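Start counting the sequence shown at 1; every next residue gets the next number (the working numbering).
Here a beta-carbon is modelled for each residue, glycine too, at the ideal position from N, C-alpha and C.
As the structure is a prediction and not an experimental result, all values here were calculated from the model.
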Amino acid sequence: MQADLYSIWERLKAGIEEILRTRVFVLIIVFCIMSSILVGRLFNLQIVNGQQYLDDYKLQIQKTRVTQGTRGNIYDKNGKLLAYNELAYSVTIEDNYSDSTDKNKELNKEITKIIKIVESNGDSVIHDFSIMLDNDEYAFTMDNETLKLRFIADVYGLDTIDKLSDEQRNQSAADIIDYLCTDKTYGYGINQKKLDKEQVLKLVTIRYAIGLNRYQKYIPVTVAEDVSDETVAAIMESIDDLPGVDIAEDSLRRYTDSKYFANIIGYTGQISQEEYDALSEKEQKKYSLTDTVGKAGLEQIMDQYLQGEKGEKKLYVNSVGKVIESTSVKESSAGNDLYLTIDADLQKAAYDMLEQELAGILLAKMSDVLDYDRSQCTDAADVIVASGDIYYQFIANDIIDMDHFTDKNAGKAEQSVASAFSDYKQQVLDQLKSTMEDANAAFYTDLPREQQAYLSYIVNDILTQNGVLDQNAIDTSDATYKNWKEDEQINVYTYLNYAISQNWIDTSGLQKYVDNAAAYSDASEIYKAIINYVQDRLASDKTFDKLIYRYMIKAGTVSGQEIAMILYEQGVLEYDSSQYEALASGSVSAYDFIRGKLQTLDITPGQLGLEPCTGSMVVTDPDNGKVLACVSYPGYDNNRLANSMDSEYYNQLINDSSRPFYNNATQEKTAPGSTYKPLAAITGLTEGAISADTYVTCDGIYDNVEPNVKCWVYPNAHGTLDVVGALTNSCNVFFCNLGYNLGLANPNAEPQYDEDGKVIKQTYSSEQGLEKLKKYATMFGLDSTSGLEIPETDPQISDEDSVRSAMGQGTNNYTTSQLARYITAVANEGTVYDLSLIDRVEDIDGDVILQNEPKIKNTVEGISKNTWDLVHAGMQGVVTNNPGVFGKIISSDITLSGKTGTAQQSTTHPDHGLFVGFTSGNTGDKTPVALAIRIANGYSSTFAAEVGDGVMEYYYGITDPDELITGTANEVTVSSHSD
1 MQADLYSIWE
11 RLKAGIEEIL
21 RTRVFVLIIV
31 FCIMSSILVG
41 RLFNLQIVNG
51 QQYLDDYKLQ
61 IQKTRVTQGT
71 RGNIYDKNGK
81 LLAYNELAYS
91 VTIEDNYSDS
101 TDKNKELNKE
111 ITKIIKIVES
121 NGDSVIHDFS
131 IMLDNDEYAF
141 TMDNETLKLR
151 FIADVYGLDT
161 IDKLSDEQRN
171 QSAADIIDYL
181 CTDKTYGYGI
191 NQKKLDKEQV
201 LKLVTIRYAI
211 GLNRYQKYIP
221 VTVAEDVSDE
231 TVAAIMESID
241 DLPGVDIAED
251 SLRRYTDSKY
261 FANIIGYTGQ
271 ISQEEYDALS
281 EKEQKKYSLT
291 DTVGKAGLEQ
301 IMDQYLQGEK
311 GEKKLYVNSV
321 GKVIESTSVK
331 ESSAGNDLYL
341 TIDADLQKAA
351 YDMLEQELAG
361 ILLAKMSDVL
371 DYDRSQCTDA
381 ADVIVASGDI
391 YYQFIANDII
401 DMDHFTDKNA
411 GKAEQSVASA
421 FSDYKQQVLD
431 QLKSTMEDAN
441 AAFYTDLPRE
451 QQAYLSYIVN
461 DILTQNGVLD
471 QNAIDTSDAT
481 YKNWKEDEQI
491 NVYTYLNYAI
501 SQNWIDTSGL
511 QKYVDNAAAY
521 SDASEIYKAI
531 INYVQDRLAS
541 DKTFDKLIYR
551 YMIKAGTVSG
561 QEIAMILYEQ
571 GVLEYDSSQY
581 EALASGSVSA
591 YDFIRGKLQT
601 LDITPGQLGL
611 EPCTGSMVVT
621 DPDNGKVLAC
631 VSYPGYDNNR
641 LANSMDSEYY
651 NQLINDSSRP
661 FYNNATQEKT
671 APGSTYKPLA
681 AITGLTEGAI
691 SADTYVTCDG
701 IYDNVEPNVK
711 CWVYPNAHGT
721 LDVVGALTNS
731 CNVFFCNLGY
741 NLGLANPNAE
751 PQYDEDGKVI
761 KQTYSSEQGL
771 EKLKKYATMF
781 GLDSTSGLEI
791 PETDPQISDE
801 DSVRSAMGQG
811 TNNYTTSQLA
821 RYITAVANEG
831 TVYDLSLIDR
841 VEDIDGDVIL
851 QNEPKIKNTV
861 EGISKNTWDL
871 VHAGMQGVVT
881 NNPGVFGKII
891 SSDITLSGKT
901 GTAQQSTTHP
911 DHGLFVGFTS
921 GNTGDKTPVA
931 LAIRIANGYS
941 STFAAEVGDG
951 VMEYYYGITD
961 PDELITGTAN
971 EVTVSSHSD
C-alpha cells in the first residue's frame with residue numbers, strides 16, 4: 001500500500017518537474033502577473049481616480065464664444081414703443097464636424113433630420129438665401145444686376161465683383177446651386193437627383209449659412225427662428241443624435257405698426273461681408289460677421305447707440321466637438337434706447353388720410369375701358385384710370401400668383417385663365433417666329449401695338465439685357481440703328497441681320513443653339529440661333545408672360561370677372577361665397593366689384609401701383625426743426641425683413657410698381673410748382689423787382705417770352721393783382737412777370753418809347769434772373785439736403801428760364817422734406833433749421849447720453865418785416881379763399897397759411913399735386929407746425945390741400961378722428977386744372 005502511494009507521488013512529482021521545465025509554465029506565470037497588473041490598473045482608473053480622469057477628458061477643449069447684447073428700443077416723442085425685442089426660441093447648429101470625407105454626408109443627414117422635425121410641427125426653416133424657386137425653377141431673388149453679382153462674388157469667396165470671371169458673371173441661379181452642391185473643394189455633396197428642388201434649396205440655404213462661419217468653429221447658425229414649443233420639445237428629445245444642435249433663446253427684432261414707420265426706422269439683419277469690409281479698422285473690432293446690425297433707416301444710422309455690449313462665454317467641448325458645458329465670463333448688456341421727434345399718432349393718421357385720398361382720386365378717375373392708349377392723350381388732366389389696367393395690375397404687381405393658375409389646387413377661374421393663356425401664348429410664339437423669319441415682314445411702325453410690344457421686349461430685354469446684342473459694340477450713330485430706334489421704318493429681320501453683319505452680336509451666348517458643324521461666319525446660322533435662343537427664353541420668361549396677359553386682358557380674352565374671382569380663389573380677399581357666386585354668374589360686374597373693394601380699401605392704391613399710388617408728407621415744428629411726421633405711402637412690413645430676411649418678400653418689394661422701399665418723403669423729387677411762389681415773392685420784393693404797390697394785369701397769357709406761358713385759369717383770367725392777390729390766386733402771369741423783371745437791369749425804370757411811340761424793351765437776361773432766384777433758394781436751404789438723418793436725394797435749383805422758374809417750373813426739383821424745411825423757414829420768418837428725426841438717446845438706466853439740440857443751418861438776412869407780412873397774408877388768403885376745403889379750419893382759432901402747387905410731368909401722366917403751409921394763432925396745447933405734402937401724379941393740388949386740411953383738423957382736435965379716418969376712400973371732386 002505504501003509502495004503504491006510512493007509510486008503515485010513520484011509520478012506526480014516527476015510531472016510537476018516536467019511542467020516547470022516547459023515554456024507553458026512560463027507563459028502562465030507571465031499571464032497571471034499581467035492580469036494582476038491590468039486589474040489593478042482598472043481599479044485605479046475607474047474606482048480610485050475615475051472622476052478625475054472623467055473631468056480631464058471632458059475639459060480637453062476650451063473655447064470662448066461672444067454673445068450679442070440686446071438691442072435698444074425705439075420710441076416716439078411721447079414714449080410709444082416703435083421697435084423692441086421679443087424673446088423667442090430658435091433652432092441652431094454649429095459646425096463641429098472635422099474636415100473628413102464623410103463630413104458632407106453626415107452634416108446633410110443631420111440637417112435633413114432637423115428640417116423634418118421643424119416642418120412637422122408647422123414651423124419653417126430659414127429662407128434668407130438669394131435664390132428661390134419660381135415655378136419649380138431656380139431664380140435669383142434680386143433683379144438688380146449689381147446685387148446679383150455681389151451675391152455671386154460672395155459664393156465664390158471674392159471680395160469685389162470686379163474679380164468675377166465672365167463665366168461666373170453669366171451663371172444662372174441653377175448654375176450656382178449646382179456649384180454649391182457638387183464642387184469638389186467647396187461643394188456640399190448634395191445629390192440633386194435623389195432630392196426635389198425644394199429640398200435641395202433648403203439644404204443649400206442652411207449649408208451656405210454655416211459656410212459663412214467656416215473659419216470660426218463653435219459659432220451657432222440659426223436654422224429656424226421663432227419656433228413653437230412643439231418644435232423645441234421634439235429637438236430636445238433628439239438632441240443626443242444631433243451633434244452641434246441646440247435650442248437658443250433669441251432676441252428677435254419686432255416693429256409695431258410697421259407700415260407706418262418702416263421707411264424711417266428701417267430694419268435689422270446679419271451684417272454682410274461688404275458692410276463689414278466698409279467699416280474702419282477700429283469699428284471692425286466691435287463687429288463680427290455673425291452680428292445683427294441695422295440694415296436700413298435709423299436702425300442703420302444709429303446702430304452704434306442701439307447695439308448692446310457683447311458678452312463672453314467659455315465653452316467646454318468634448319472630443320467629438322459637442323459643447324457640454326458653458327460658463328459666463330462677461331454678461332452682455334442692453335443697448336441704448338432711441339427717442340424720436342415723431343408723433344406716432346400723427347404719423348399714422350397722416351398715412352391713413354393719404355391712402356383714403358389716393359383711393360378717392362382713383363375712383364374719381366376710373367373708367368370702364370379695357371384697351372386704353374394714354375399715348376394719345378394731349379392733356380394730363382384727361383388721363384383716366386382704365387379698368388383694363390387695373391385688372392392687369394393684379395398680375396403685373398404680383399397681387400395674384402400666375403404660377404398658381406396651373407397648380408393642382410387651382411380654382412375654377414384660375415384653370416380657365418390657364419387654359420386660355422396656354423393657347424394664346426403658343427399663338428404668340430408662332431407668330432413671332434414667323435415674323436422673325438420673314439425678310440419681307442412689315443416695318444415695325446406698321447405692326448399692331450401688341451406685336452410692337454413683343455418685338456421691343458425681344459430686342460431690348462431678351463437680346464440686349466442678356467448681352468447677345470452687345471450695347472458696347474453698337475454704333476449709335478449708324479443709320480440702320482437709328483432707323484430701328486427712331487424712324488421704325490425697318491423690320492426686325494433686317495435689323496438683326498444687319499447687327500450680325502456689323503459684329504454687334506456676341507455669339508458666346510448662342511453656342512448651344514448653333515450646329516457644331518456650322519461656322520460662326522455663316523450669318524444665316526447665327527440668325528437661326530438667335531431665333532431659337534429667343535424662343536427658348538420666351539418659353540419660360542415670366543415678364544414676357546405678364547406682357548401677354550396685358551394684351552389678353554385688353555382684348556377681353558382674360559376677363560375682369562375671372563381676375564376678380566381669382567382674388568378669392570387665391571385668398572387675396574377673404575372668401576365671400578355670395579360675392580364669388582355673383583361674379584361667376586355675372587350679376588355683379590368686375591368693374592363695380594373692384595370699385596367697391598377700392599372704396600372699402602380691401603384693395604389699396606399701394607397694392608395696385610397705378611398712378612396715383614404714392615404720397616408723402618413732412619410735418620415740422622417751426623421753432624426747432626424737429627420732425628413730427630415723415631410719411632411715405634405705401635409702406636412695407638419691416639418685420640418680414642428683420643432677423644432672418646424673407647428673400648421672396650424683399651424681391652417683391654424691389655419689383656413693386658408702387659416702390660414701397662422708396663422713401664417718397666426724402667427721395668422722390670419733382671418740380672415744386674406754385675409752392676415755390678412764396679420764395680419767388682420774397683426774392684422779387686427784396687431785390688426790388690416788385691413792390692407792395694406793383695400791380696400786374698392777368699389776361700390768361702404771359703406773352704413777353706416765347707413760347708407764351710398760360711396762366712392755370714386760362715382761358716379765363718385773374719385781372720389786376722398785387723403780390724398778395726397773386727399768391728392767393730397763384731397767378732402764373734404775375735410770377736412770370738416777376739421772373740422777367742429779375743432779369744432786367746432796372747425793372748423800376750420809367751418806360752422809354754421809340755419814335756413810333758412803342759415801348760423800348762430793356763435787355764432781359766435769364767441768367768441774371770436765375771442767379772437772384774438761386775441766391776434766395778440757397779438762403780432757404782434748397783441747395784442742400786434737409787438735415788434728416790436718413791438718406792435723402794440731393795435737390796436741384798433751376799438753371800434754366802428765370803420766367804418759368806419763378807413760378808416753380810424750370811429745372812427746380814426738390815423732395816418733400818426739402819420743401820418742408822423751406823416752408824418752416826417761411827413760417828418762422830427766416831431761421832433755416834436742419835430737420836431732425838432724433839430727439840435723444842437714453843441708456844438702460846434712463847440717463848440721457850445724447851440730447852439732439854436744434855441745429856441752425858443759417859438765418860435769412862435782409863428780409864423786411866413788411867415782406868414777411870405780405871407773403872404770409874397771401875398764403876393766408878389761399879386758405880380763406882377756399883372754404884370748400886378749409887371750412888373747419890377757417891372757423892376755428894387756428895390760422896393756417898398755405899400754398900398749393902401743381903407740377904407738370906407730361907401730357908400722358910397726371911400732374912403732381914402739392915401743398916405747403918404752417919399754422920399760427922391760438923394753437924392751445926399743441927405747437928404750431930409747418931407741413932409739406934406731395935401726391936405724385938395726383939392730378940390736382942386740391943387733393944394735397946384736402947389731406948393737409950384733414951391732418952390739421954386731426955392734430956388740433958377740430959374734428960373727431962373717427963370722422964377723418966374712416967377706413968374708406970374719400971369723396972373727391974374732379975377738377976380739370978389747378979395752380
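- Residues of the same chain with a CB within less than 6 Å of the CB of Gln-904, apart from the 5 flanking positions on each side, are Asp-911 in chain order.
- Across the set Ala-248, Gly-79, Ala-396, the C-alpha of Gly-79 shows the shortest separation from the C-alpha of Ile-838.
- The criterion of a C-beta distance shorter than 8 Å is not satisfied by Gly-269 and Ala-590.
- Scanning its chain for C-beta atoms nearer than 6 Å, with the 5 sequence neighbours on each side dropped, one finds around Lys-597 the residues Ile-603, in chain order.
- Shortest Cα-Cα distance from Thr-292 to any of Glu-668, Ile-935, Thr-70 involves Thr-70.
- Annotation: the continuous beta strand (DSSP E) that includes Cys-698 extends over 696 to 698.
- Across the structure, Ala-523 and Ala-539 are spaced so that their CA atoms are roughly 24 Å apart.
- Residue state for Ser-90 is assigned as strand, using DSSP reduced to three classes.
- Residue state for Tyr-939 is assigned as coil, using DSSP reduced to three classes.
- Two segments are said to touch when three or more pairs of C-beta atoms, one from each, lie closer than 8 Å; by this definition the region 366 to 379 does not touch the region 575 to 588.
- Residue environment: Arg-11 is assigned as exposed (fewer than 16 neighbouring CB atoms within 10 Å of its CB, all protein chains considered).
- Asp-277 and Leu-107 have their C-alpha atoms spaced approximately 30 Å apart.
- Taking all protein chains in view, the Cβ of Glu-299 is crowded by 16 or more other Cβ atoms within 10 Å, so the residue is classified as buried.
- For Tyr-457, the uninterrupted alpha helix (DSSP H) run begins and ends at 449 to 457, by DSSP.
- For Phe-735, the uninterrupted alpha helix (DSSP H) run begins and ends at 732 to 742, by DSSP.
- Between the alpha carbons of Phe-421 and Ser-258 lies a distance of about 38 Å.
- Looking at the DSSP output, Gln-752 sits in a beta bridge with Ile-760.
- In its chain, beyond the 5 residues on either side, Leu-679, Tyr-822, Ala-825, Val-832, Val-860 have a beta carbon closer than 7 Å to the beta carbon of Phe-780.
- Asn-497 is a Cβ neighbour of Tyr-527, given a cutoff of 8 Å.
- In the displayed model, Ser-674 falls within a helix according to three-state DSSP.
- Collapsing the DSSP output to three states places Lys-330 in a strand.
- Judged by DSSP secondary structure, Asp-962 falls outside any beta strand (DSSP E) and instead within the alpha helix (DSSP H) spanning 961 to 964.
- A direct Cα-to-Cα measurement between Ser-165 and Ile-126 gives close to 30 Å.
- The C-alpha of Lys-542 is placed about 28 Å away from the C-alpha of Ile-490.
- The three-state secondary structure of Asp-183, taken from DSSP, is coil.
- Per DSSP, the continuous alpha helix (DSSP H) segment holding Lys-282 begins and ends at 281 to 284.
- Proximity to Ala-248 across Asp-229, Val-631, Leu-346, Ile-265 peaks at Asp-229, based on C-alpha coordinates.
- Here Ala-418 carries a helix assignment [DSSP, helix/strand/coil].
- Here Ala-749 is exposed, its C-beta having fewer than 16 other C-beta atoms within 10 Å.
- Under the 10 Å beta carbon count, Lys-412 is surrounded by fewer than 16 other beta carbons and is classified as exposed.
- Beta-bridge partners assigned by DSSP to Arg-840: Tyr-339, Gln-851.
- Distance from the CA of Arg-840 to the CA of Gly-846, rounded to the nearest whole angstrom, comes to 11 Å.
- Gly-917 and Ser-941 do not touch by the CB rule: their CB atoms are close to 12 Å apart, not below 8 Å.
- Scanning its chain for C-beta atoms nearer than 8 Å, with the 5 sequence neighbours on each side dropped, one finds around Gly-187 the residues Asn-104, Tyr-179, Leu-180, Cys-181, in chain order.
- The C-alpha of Ile-114 lies about 8 Å from the C-alpha of Val-223.
- DSSP lists Ala-83, Leu-338 as the beta-bridge partner residues of Ile-74.
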